[in-house]
Every structure is written in structure tokens, then in C-alpha cells.
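K.L.:
Numbering (our numbering), first residue to last: 752 to 1338.
What follows is a single structure, and I will ask about it in a moment.
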């Protein structure tokens, strides 16, 4: 008799072991070279931090802040000298790559070398070597590390339009990014469901556009059901400056996104004159999807958008880019607009795709005049690419390949690997999400360089980015659950060399990093045992399944209950105890 095994609900019980209590080097992202040595450096209250110049003092103070929080003491900071022992030395070295660093831990000295940015990254690695304070001694294992990033762009994205996230959480998100050596925060500030950035010249953008009366409840179905809960929120310009400065202190560049010409519902409810249909009722959207509401390419609209961009650029002075969206632009209102059809004749535009290209090119010229570049989602390729645009390839890798072959810079963020709002377990037991399936191992295995590119073409791939869209994430804890530990996998995608990547080794290093996330109260998801997700593994009643934990040191507990037994099926139920995350599998 054959049986199909259907397992529902299994978990990991983390018992009889402590996170971070081993002699392995558990740094994420994995460095280029790690050589462990015999011996330890004992960190004590009498240890001193020696700085090579005053510029390194802020780095030393940052290290002290962590030591105070973790161990309850600060170290004295001094200047360079000779014959020193029991010291942590920050030495400036002019590596070719400003992110490169070396870290040497010996019995009497910890030596950190690099440029300012490299020293910051070096400190992040050193912090991952710090042990839990379970005894009288704080011993750091002797090691030599050489490290540099694979890509110069290593980004994480956060959508705050669908659901607004408080400033404190945005800062926490930035903290976590910096710890894992990301260098770019893509802040998605406007969309159909809410306008979240204060623009003083156009106050109705936030007075009206930041609010919606309710949100679709559960999946988007017809007829529509709302939850009856009003949503609102935006960031003042003062708050944005504060976040940008906070990120800069952590060597994170913040790139703002102002969606255009589509995803404009919130802006058009506030200022309907910038749409093509004056007899149309524009509303901030309460559901998810793609909508017909788009900006009309009139001179008045461009003046409005240029004003918005100017205020935005002033708030993000260190960003080389303004992200202008450019994705999912429905052309219905343009097709129905006499103005747009006349514009097409005057400008010799053969179709509405070229209208979009015309729109993007006009915006790019203004952004370039302000000393910045534009980034757009890969739809900006349609109808002709703006001359200096950087493409963010999200609908797979095709757009990135096309842009790189055309000698345009590219950031790879394909849905199948980099969309961290996609599901990561069985939909029957996971919290509701946008759909799709991007488990931890798939994220980790992504290579941002498409095989279709030559070596010269591959130079246009700046790096990779993970995206978190918040349609189904109302609160920060849900963002954390969907993001972690997949964000750590993305960190390694952007930083570590291909030859150094190994998923089994990565999951081993996750062990210690879960302890760090616990200390920061991150509501991460514990990965399920490998091999049990959404597939039939056997139909033979004598089949044996070898379950292995994806987290070294964890135990897999199962309890089988025959809930249904027919010629086709037997249900296996596994109970979960302790700190766990639910998942399910088809076996």
C-alpha cells in the first residue's frame, strides 16, 4: 500500500546549547580570508584603544558604546605609542578599496587597519567576535582576517508607503544594515497607498495623501472587504534629516524614491490637476495592485515634480541618486487624453511607451542639473532609456542584462531571489504574505552577475539589493520576521566572493548571529529543517526521512499523529515548543 505523507507544523527546539558559545569564527558576511590561531586576547577594563589620528576617535567612541552596552564598561582612548600591550589599535592604511580592512587578534594586541570606512567595517567584524559575558573573562579568539567587498553597491529597501514605519524602527533597520556591511538604504517614500515625505511647497501631499480610511483585509478579492482601520503617517523634513544623519554616521547612504509617472494615486488625490482626467475622482488606494492613476506630462506637472525633487534632494545631500520609480505605468489615461495624443504628434512619439521615456528623460535632465543621477525600475528601458540612468532590475534579470550591454549601471534585485516580502514557508502556516516563494537558501545562492554578460559588461553590475514591500506587513515585528535571516543572506550576496560562499557554513555562522539579533530584540524567523518544504518526498510507506536542522546545535523534535489514513494519505503532525517559528511541508 502506498501512502503520501502530509506533514503540517514542525519546529526547532533550541535547548541544551547556547548561541555564540563556540570557538568558530562566525562573521557574516564571510570575509575574504580568515585564519584562526592559537591563543586569545583577554579584554579587560584596563584595555586601551589607541587611535592613529583624531579622525578615528569617532570610531573608537562607537566601539566603546557597544562595549558599555554589552559588558558595562568603556575603554580609555589614547594616541599612538610604542611598546604597548593589552591594546586595541586603529591604524589608517591606504588600501585601494576604501571598504577594505585587515583585522589581527593576538595575545597582547588587536590591530585594525584600513581607511575610515574600512576601519568601520573592521569594527563590525570585531564585534561579531565578542563572546557573551558568561564568565569572569572576555576572551577573543586569535585570528587574522583580510577582507574587502565584492560589490560597491550593497542595498536594502524598505517600503513605508503601504504601511508607515516609525522613525525609531527605521533607525533600527539602519543599525542592522550597518552591522552586516550594507552601504545603501533605499527608502520607498511614495506610492498609491500613501505619501510619506513632507514637501513644504505642497502641504496637501501629506495633509491628504498620507491618509487612507482603511486597508483591504487579507487577500485582494472581489468584492472588496476593508478592515475599517484608518492608516496615516509621514516623515517631517526634520525627521528625514535626522534619519539621513543617523545613517551617515553608520556609513549608510539613503536613497529616496519618489514614484513617477505611475503609482501616483496619493499625490493625485492631493493635487488632481496634475492628472490627465479632470472629471475623475482620484483617491489614495486602499487595496494593492497596479492602478490607472498616472501623472500627466504637462508643463505644470513637470514644474510640480521638479519642485518636489528639489526639496527631496535638499534632504538627501549625500545621495548620488534620486530613485524615480518608473515601474508599472498603465497607459489608459494617456491613451484617452487629447493632450497626450497631441504631445505624441508634436514630439514624434510613436506610442505611449515612448511617452513614458519622454517623461523620464525630462525628469532626468532636471535631476542631472542638480548634480544627481536617476535610478529607475527596469520598465524605464521601455521606449528608450534615459542617457545617464541606472537601472534596478526587478522583473528577473533580463532588464539588467539589457542595460549592462547598453553600458548603463545596474543594480540587481530580481523578484525570485531578492524580494523578501515573498513567502518563505508553507502558506497554510506562515503569516499572510504577497505570495511567491523565496526561502533562505535561494536568497543565499543568488549571484548578481548574469552568465550572459561578458567580463567587460559585468563591470556595469554595481551590486545587489534586497527589497521589502509592506502590503502585508503592518508592524515592524512583521518586517523583521520577513526580513531576518534572509537579510543576512543578502549581506553575503553583496559582500562575499563566490568562492567563499557555502550555504552549510553560512547556516553554521547564523547560530552566533541569532544571539546578536536576540540582544537587539529582532523578531527573526528560525529556518525550518531542510528538505521539508512544499514537496512530495515519498509515496512508499517504508520510506525513511532524514531530518536535519538548518541551524547547527538545534534539535528537531517530531511527534507523529495519524489524523487521516487512506490509500493515498497519512497526516503527520509535529508539535512545536519553546522559541520557534511555524512552518509546514509536503512529504
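We put the CB at the ideal spot given by N, CA and C, even for glycine.
As the structure is a prediction and not an experimental result, all values here were calculated from the model.
(1) How should residue 1012 be labelled, buried or exposed, when 16 other C-beta atoms within 10 angstroms of its C-beta is the threshold for buried?
(2) Could you check whether residue 1041 and residue 1009 sit closer than 9 Å to each other, using their CB atoms as the reference points?
(3) Please say whether residue 946 and residue 960 have beta carbons closer to each other than 9 Å?
(4) Would DSSP call residue 1062 helix, strand or coil?
(5) Against chain B, with Cβ distances strictly below 9 Å, would residue 1193 count as a contact?
(6) Between the stretch 839-849 and the stretch 797-812, can you find at least three pairs of beta-carbon atoms closer than 8 Å?
(7) Straight-line CA distance for residue 1185 to residue 1175?
(8) Which value, in whole angstroms, describes the spacing of the CA atoms of residue 919 and residue 991?
(9) Put residue 1114 into one of helix, strand or coil per three-state DSSP.
(10) Can you tell me whether DSSP reads residue 1206 as helix, strand or coil?
(11) Starting from residue 1026, follow its DSSP beta bridges and name the residues at the other end.
(12) Taking the straight line between their C-alpha atoms, what separation do you get for residue 1162 and residue 907?
(13) Pull up the DSSP beta-bridge partners for residue 1216, would you.
(14) Is residue 789 buried or exposed, if buried means 16 or more other CB atoms sit within 10 Å of its CB?
(15) In angstroms with no decimal places, state the Cα-to-Cα distance between residue 999 and residue 1215.
(16) Taking the Cβ atom as the reference point for each residue, do residue 850 and residue 868 lie within a distance shorter than 9 Å?
(17) Could you give the distance in angstroms between the alpha-carbon of residue 1260 and the alpha-carbon of residue 776?
(18) Can you check whether the CB of residue 1073 is closer than 9 Å to the CB of residue 1125?
(19) With three or more C-beta pairs closer than 8 Å as the rule, is the stretch 794-802 touching the stretch 824-833?
(20) DSSP state of residue 1241, grouped into three classes?
(21) Which term fits residue 835, buried or exposed, when burial requires 16 or more other beta carbons within 10 angstroms of its beta carbon?
(22) Just checking, does the stretch 1150-1170 make contact with the stretch 1117-1131 on the three C-beta pairs under 8 Å criterion?
(23) Run the CB neighbour count on residue 970, radius 10 Å, all protein chains shown included, and call it buried at 16 or more, exposed below.
(24) Can you check whether the CB of residue 900 is closer than 9 Å to the CB of residue 1245?
(25) Is it the case that the Cβ atoms of residue 1037 and residue 967 are separated by a distance below 9 Å?
(26) Check whether the Cβ atoms of residue 916 and residue 1230 lie closer than 9 Å to each other.
(27) Starting from residue 897, follow the beta strand (DSSP E) in both directions and report where the run begins and ends.
(28) Identify which residue in 1240, 1053, 972 and 1171 has its Cα closest to the Cα of residue 1224.
(29) Which word fits residue 1045, buried or exposed, when buried means at least 16 other C-beta atoms lie within 10 angstroms of its C-beta?
(30) Please report the straight-line C-alpha distance between residue 1363 and residue 1053, rounded to a whole angstrom.
(31) Does the stretch 1133-1141 come close enough to the stretch 1108-1115 that 3 or more CB-CB pairs lie under 8 Å?
(32) If the criterion is Cβ atoms closer than 9 Å, does the pair residue 1117 and residue 1078 meet it?
(33) Per DSSP, what kind of secondary structure is residue 1010 in: helix, strand or coil?
(34) Under 9 Å between the Cβ atoms of residue 1115 and residue 1075?
(35) According to DSSP, is residue 951 part of a helix, a strand, or is it coil?
(36) For a test of the three-state rule: what should DSSP assign to residue 1258, helix, strand or coil?
P.N.:
Put simply:
(1) The count along the chain shown starts at 1 and reaches residue 1012 at position 261. Buried.
(2) As a first step, residue 1009 must be located in the chain shown, where it is residue number 258. As a first step, residue 1041 must be located in the chain shown, where it is residue number 290. No, the pair does not count as a contact, with Cβ atoms beyond the cut-off.
(3) Position 209 of the chain shown, counting from 1, holds the residue named residue 960. Position 195 of the chain shown, counting from 1, holds the residue named residue 946. The answer is yes: Cβ separation under 9 Å.
(4) Taking the first residue of the chain shown as position 1, residue 1062 is located at position 311. The answer is helix: DSSP assigns residue 1062 an H, G or I state.
(5) Included in the structure is just one protein chain, with no chain B present.
(6) yes
(7) Start at 1 with the first residue of the chain shown, and residue 1185 comes out as number 434. Start at 1 with the first residue of the chain shown, and residue 1175 comes out as number 424. Roughly 11 Å separates the two Cα atoms.
(8) Looking up residue 919 in the chain shown gives position 168. Looking up residue 991 in the chain shown gives position 240. Each residue's Cα considered, the two are about 12 Å apart.
(9) For this step, residue 1114 is matched to residue 363 along the chain shown. Looking at residue 1114 - three-state DSSP - the assignment turns out to be helix.
(10) Here residue 1206 is taken as the residue at index 455 of the chain shown, counted from 1. It is helical.
(11) The residue you call residue 1026 lines up with position 275 of the chain shown. In the DSSP output, where bridge partners are listed per residue, residue 1026 has 1046.
(12) Here residue 1162 corresponds to residue number 411 of the chain shown, with the count starting at 1. Here residue 907 corresponds to residue number 156 of the chain shown, with the count starting at 1. Computed Cα separation, rounded: 11 Å.
(13) Numbered from 1 along the chain shown, position 465 holds the residue referred to as residue 1216. Answer is 906, bridged to residue 1216.
(14) If you number the chain shown from 1, residue 789 lands on position 38. Result: exposed.
(15) As a working note, residue 999 is residue 248 in the chain shown. As a working note, residue 1215 is residue 464 in the chain shown. If I take the Cα positions, the gap works out to 20 Å.
(16) For the purposes of this step, residue 850 is taken as residue 99 along the chain shown, with counting starting at 1. For the purposes of this step, residue 868 is taken as residue 117 along the chain shown, with counting starting at 1. Contact flag set, yes.
(17) In the chain shown, counting from the first residue as 1, residue 1260 sits at position 509. In the chain shown, counting from the first residue as 1, residue 776 sits at position 25. If I take the Cα positions, the gap works out to 8 Å.
(18) Here residue 1125 refers to the residue found at position 374 when the chain shown is read from its first residue. Here residue 1073 refers to the residue found at position 322 when the chain shown is read from its first residue. Yes, the pair counts as a contact, with Cβ atoms nearer than the cut-off.
(19) yes
(20) Numbered from its first residue, the chain shown carries residue 1241 at position 490. DSSP places residue 1241 in helix when its eight states are reduced to three.
(21) Locating residue 835 in the chain shown gives position 84, where the first residue counts as 1. The residue is exposed, with fewer than 16 neighbouring Cβ atoms inside 10 Å.
(22) yes
(23) The residue labelled residue 970 in the question sits at position 219 within the chain shown. So residue 970 ends up on the exposed side.
(24) For the purposes of this step, residue 1245 is taken as the residue at position 494 of the chain shown. For the purposes of this step, residue 900 is taken as the residue at position 149 of the chain shown. Cβ distance < 9 Å, so residue 1245 and residue 900 count as in contact.
(25) By 1-based counting over the chain shown, the position of residue 1037 is 286. By 1-based counting over the chain shown, the position of residue 967 is 216. Cβ distance < 9 Å, so residue 1037 and residue 967 count as in contact.
(26) For the purposes of this step, residue 916 is taken as the residue at position 165 of the chain shown. For the purposes of this step, residue 1230 is taken as the residue at position 479 of the chain shown. Yes.
(27) For the purposes of this step, residue 897 is taken as the residue at position 146 of the chain shown. Its beta strand (DSSP E) spans residues 889-898.
(28) The sequence position of residue 1224 within the chain shown is 473, counting from 1. Measuring from the Cα of residue 1224, the nearest candidate turns out to be 1171.
(29) As a position in the chain shown, residue 1045 is number 294, starting the count at 1. Buried, by the Cβ-count rule.
(30) Nothing in the structure corresponds to residue 1363, since the chain is present only between 752 and 1338.
(31) yes
(32) Translated into the one-based positions of the chain shown, residue 1117 becomes position 366. Translated into the one-based positions of the chain shown, residue 1078 becomes position 327. Taking 9 Å as the Cβ cut-off, residue 1117 and residue 1078 do not qualify as a contacting pair.
(33) Here residue 1010 corresponds to residue number 259 of the chain shown, with the count starting at 1. Strand.
(34) Locating residue 1115 in the chain shown gives position 364, where the first residue counts as 1. Locating residue 1075 in the chain shown gives position 324, where the first residue counts as 1. Result yes, Cβ atoms of residue 1115 and residue 1075 sit closer than 9 Å.
(35) Along the chain shown, one-based indexing puts residue 951 at 200. Three-state DSSP puts residue 951 in coil, outside helix and strand.
(36) Residue 1258 sits at position 507 when you count from the first residue of the chain shown. Correct three-state label for residue 1258: helix.
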